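What follows is a single structure, written as C-alpha cells, with notes after it.
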Amino acid sequence: MFGRSKDSTAPADQAPALTEEPLGTVELPGGKGRPTPKRKTAEAANRRPLVPQDRKAAAKEARAAQRAERDRQYAAMQTGDEKYMPAKDKGPVRRYIRQYVDARWSLGELFLPVAIVMLLLNMLLTSVSPELAFLGLVVLYLFIIAMVVDVVIMWRRLRKKLAAKFGDAGQQRGLMMYAVTRVFQIRRARLPKPQVKHGDYPE
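Mapped onto full-length UniProt numbering, the consecutive letters of the sequence shown carry residue numbers 1 to 203.
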C-alpha cells in the first residue's frame, strides 16, 4: 500500500556533503576576522632589545628630550601655564599660595639684599670702629627676628584662608614650607614668576 519514495533509496554517499571551514578562519559577528596568532609569534613581535644597538645615539636622544622638557617647564614657570609646570607647583592650592605671597609685602623678600649690605658694612667698620660694627650686627639680628615674626603672622593668616577655601586639601603637608620658601626669595627671582602685583590678593 505504501510505497517508498525514490529519494529515500538514494545511496548514502550521494547525500549533500557539509562544507567544513577551519575554525581559525571563521569570521564571527563583531570578531576580528583573522586567525589568532600563535604565542611564539606574539612574543616575538613584542620582544624589544633591552640595550639599544647605538648607545651614543640613544643617550643623545635622551639628553635632548630632557633638555626640551626643562625648557618647556621653564617657559611655563615664566608664563604661569600650569600644564607644563613641575608637579610641586601644580594645583589650585599652590597657585593660591603663590598669589597670596606675591601680593603681600614681606620682610623676607628683603632679607638677602639687607644681609649682604650689613655684612659688607660690618667688614668695613670692624677695622675703623668695632662699636659701630657690633651695632650693625645687632641691627641685622633684629631684622632677622622681625622677619621671622612677619613670616609667622603671614602663615597663620594664609592657613585660615586655605582651610576656608579648600577644606582638607588646604591643610596637607608641605604647604607651609612652600609658602615660607617663596617669602624668602627676591620677588624678581621667584619661580614660577609672580602673576599678581603687590596688594592684589586672591579671592
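Yeah, the Cβ is synthetic: ideal placement off N, Cα and C, and Gly gets one too. As the structure is a prediction and not an experimental result, all values here were calculated from the model.
(request) Might you give, ordered along the chain, the residues of its own chain that have their beta carbon closer than 7 Å to the beta carbon of Val183, omitting 5 neighbours on each side? (result) Within the sequence shown, residue 183 is the residue found at index 183, counting from 1. Cβ within range, chain order: Val101, Ser106, Gly108, Glu109, Val151, Met154.
(message) Suppose you measure from the CA of Phe134 to the CA of Val149; what does that come to, to the nearest Å?
(response) Looking up residue 134 in the sequence shown gives position 134. Looking up residue 149 in the sequence shown gives position 149. Straight-line Cα distance between these residues: approximately 23 Å.
(request) Would you check if the distance between the CB atom of Ala76 and the CB atom of Val196 is smaller than 8 Å? (result) Indexing the sequence shown from 1 puts residue 76 at position 76. Indexing the sequence shown from 1 puts residue 196 at position 196. Result no, Cβ atoms of Ala76 and Val196 do not sit closer than 8 Å.
(request) Would you give the residue range spanned by the alpha helix (DSSP H) that Pro113 belongs to? (result) Start at 1 with the first residue of the sequence shown, and residue 113 comes out as number 113. Looking at the DSSP string, the run of the alpha helix (DSSP H) that includes Pro113 is 111-128.
(message) Could you compute how far the alpha carbon of Gln185 sits from the alpha carbon of Met176?
(response) On the sequence shown, residue 185 is found 185 positions in, with the first residue counted as 1. On the sequence shown, residue 176 is found 176 positions in, with the first residue counted as 1. Looking at the two C-alpha atoms, the distance is approximately 15 Å.
(message) Using 8 Å as the cut-off, can you tell me whether the region 137-145 makes contact with the region 156-165, which would need three or more C-beta pairs spanning the two stretches below that distance?
(response) The region 156-165 and the region 137-145 do not touch, with fewer than three beta-carbon pairs separated by less than 8 Å.
(message) Along the chain, where does the alpha helix (DSSP H) containing Gln78 start, and where does it finish?
(response) As a working mapping, residue 78 is identified with position 78 in the sequence shown. Gln78: member of the alpha helix (DSSP H) spanning 55-79, first to last residue.
(request) Grab the span of the alpha helix (DSSP H) containing Ile186 for me, first residue to last. (result) The residue given as residue 186 occupies position 186 in the sequence shown. Counting along the chain, Ile186 sits inside no alpha helix (DSSP H), nor does DSSP assign it H or E at all.
(request) Tell me whether Pro92 sits in a helix, a strand or coil according to DSSP, three-state version. (result) Residue 92 sits at position 92 when you count from the first residue of the sequence shown. Helix at Pro92.
(message) Using only the alpha-carbon positions, how far apart do Arg67 and Arg95 sit?
(response) Reading the sequence shown from its first residue, position 67 is the one you call residue 67. Reading the sequence shown from its first residue, position 95 is the one you call residue 95. Rounded to whole angstroms, Arg67 to Arg95 spans 25 Å at the Cα level.
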